[in-house]
Each structure stands twice: as C-alpha cells, then as structure tokens.
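>
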Amino acid sequence: MKEGYGTLVTGHAAGLTVRLSTPVTRIDHSGRRLKLDTPAGTIEADHVIVCVPTTVLATSQIVFDPPLPDKHAAAADLPLGLADKVFLHVDRPEWPANAHLIGNPYSACTASHRLSPFGWPIVESFFGGDCAEMLEDRDAAQFAIDELVGLLGSDWRNRFTPLTATRWRQEPYIGGSYSHARISKAAQRGVLAAPVDGRIHFAGEACHPYDFSTAHGAYETGVAAARAIIGEPAPIA
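Going by UniProt numbering, the letters in the sequence shown line up with residues 1 to 237, in that order.
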C-alpha cells in the first residue's frame with residue numbers, strides 16, 4: 001500500500017475505542033462472565049477475541065484460568081520465524097520506480113532490496129531467517145548500505161541515509177514475524193483457532209488454515225470470530 005499498512009489499520013479502526021498500553025495479562029473464564037486483568041484494572045466481558053502472536057501464548061504472557069493447555073501446546077507448535085526490513089533514504093536515485101536488486105546470490109545472509117517503491121526516494125531492504133536474527137543485534141542499516149555499495153560502487157555510500165529498521169524478535173508483545181508449523185503439526189492451526197466455551201475466540205494469521213503468514217489471513221480470522229460472536233457464522237473458505 002502506497003500510504004502504508006498503518007494507514008490501512010487506522011482506517012479499519014475508525015470510530016472504535018482503542019485502548020493502547022493496556023496489555024491483558026490474565027483471562028479468568030471460571031465464572032459466568034469473563035474477567036480480563038490489565039494494568040488499568042479488571043475488565044468484565046461476555047466474549048473476548050484473543051488475537052496475539054503465538055509467542056505470547058506459548059510463553060504464557062497471557063494466563064488463562066482455568067488453564068488452556070491445548071492452546072499453549074498449539075501455539076508452541078506454530079512458532080514465529082523472523083523477517084526484518086531496513087529503510088534507507090537515497091539521494092538522487094538513478095533507477096526506475098519499483099526496481100529490485102538481490103544483494104549477494106552466493107550468500108544466505110543477504111537482502112532483497114526494493115528500490116524506490118511507489119517512486120519514493122527510499123530503499124527497502126528485506127532480510128530473513130538466521131541473517132535477520134544476526135542483524136537484530138548489529139547495525140542492519142550499515143549491512144544494507146555496504147551491500148548496496150558493493151553492487152553500485154563506492155560513490156553511492158554517502159547517498160544513503162538510514163531511516164528506520166524493524167526488530168520484530170525484540171518486540172515484547174510480538175517476538176517474531178510470521179508463524180510456521182513444525183513438522184507434522186499443521187493441524188495445530190485448527191486447534192489454536194477453535195473457540196473455548198463459545199466465549200473465548202482466537203484469531204490471527206496463525207489460525208488460518210490456508211492463508212497463514214498473511215495480513216489478509218489474519219483479517220479473515222478476525223472477521224470470522226466477530227461474526228461468530230454476534231451469531232453470523234462466516235466459515236473461512
């Protein structure tokens with residue numbers, strides 16, 4: 001999206017009350033109503049949609065009372081891999097919009113460089129796997145610049161300025177990027193997605209049977225959960 005995913009998310013949330021910096025740490029479903037513990041106090045609800053990365057569930061950052069061992073095990077079987085991005089401003093780009101470069105095809109630790117996406121004077125460098133893990137603790141922007149200079153020539157070094165970089169593994173309420181199923185554990189997506197007592201619903205890309213690891217997969221599971229709560233079942237095709 002030219003305007004960015006943030007614009008998309010903000011647009012979908014228009015008109016809703018969104019409370020930030022209020023993480024739910026415990027969900028008590030032992031009584032007639034659900035009780036959600038947060039730093040701002042306890043919230044009571046008839047239904048809840050749990051839409052968090054699998055790392056949050058697998059590490060019990062949200063405690064369920066009574067426990068939900070099947071959910072904990074399913075989340076652990078659907079861990080998050082890692083993919084990070086670095087964004088650089090480039091002075092006087094000399095390539096067409098939406099051009100592309102592969103840093104080093106002979107190395108597993110390299111980036112896919114998207115040049116001037118949507119015509120903007122930036123480079124979007126994409127790293128994955130062990131390479132991304134290593135660069136989370138190093139200067140990923142400098143790595144990307146060094147790689148681009150190796151491709152384009154030393155005159156380019158001063159034309160790149162770091163803008164920002166993701167470090168998804170270090171985000172406390174995320175802990176990674178996209179889910180993947182461990183060997184023979186693909187069925188755990190269905191276990192994770194199944195509602196509990198018709199009151200606790202689960203959503204997110206890891207819950208989608210086919211379009212996991214995608215934003216639209218996460219969206220579809222969220223819509224399905226919300227419709228189930230209001231009595232309008234919407235099975236995921």
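Think of the CB as a built atom: it goes at the ideal place given N, C-alpha and C, for glycine as much as any other residue.
Values in this document were obtained by computation on a predicted structure and should not be read as measured data.
By DSSP, does Arg-26 sit in helix, in strand, or in coil?
It is a strand residue.
> Would you mind reading off the limits of the beta strand (DSSP E) that contains Lys-71?
It is not in any beta strand (DSSP E) - Lys-71 instead sits in the alpha helix (DSSP H) that spans 69-76.
> Just verifying my parser: in three-state terms, what is the DSSP assignment at Val-123?
Strand.
> Go ahead and label Asp-70 buried or exposed: buried means 16 or more other beta carbons lie within 10 angstroms of its beta carbon, across all protein chains shown.
Burial call: exposed.
> Could you tell me which uninterrupted alpha helix (DSSP H) segments, each at least 4 residues in length, are contained entirely in the region 139-204, listed from first to last along the chain?
Fully enclosed alpha helix (DSSP H) runs of 4 or longer: 140-152, 188-193.
> Considering Cα atoms alone, identify which of Arg-182, Gly-128, Arg-227, Thr-214 is closest to His-5.
Reading off the sequence shown, one finds Tyr at residue 5, where the question assumed His. When only C-alpha atoms are compared, the closest one is Thr-214.
> Going along the chain, which residues of its own chain have a beta-carbon closer than 6 Å to the beta-carbon of Asp-211, five neighbours each way excluded?
Result list for Asp-211: Gly-217, in chain order.
> I need the DSSP call for Ala-40, collapsed to helix, strand or coil.
Ala-40 falls in the coil class under three-state DSSP.
> How is the alpha helix (DSSP H) around Arg-227 delimited, first residue to last?
Taken as a continuous stretch (DSSP letters only), the alpha helix (DSSP H) holding Arg-227 covers 215-229.
> By how many angstroms is the C-alpha of Cys-109 removed from the C-alpha of Pro-162?
The straight-line gap from Cα to Cα measures roughly 19 Å.
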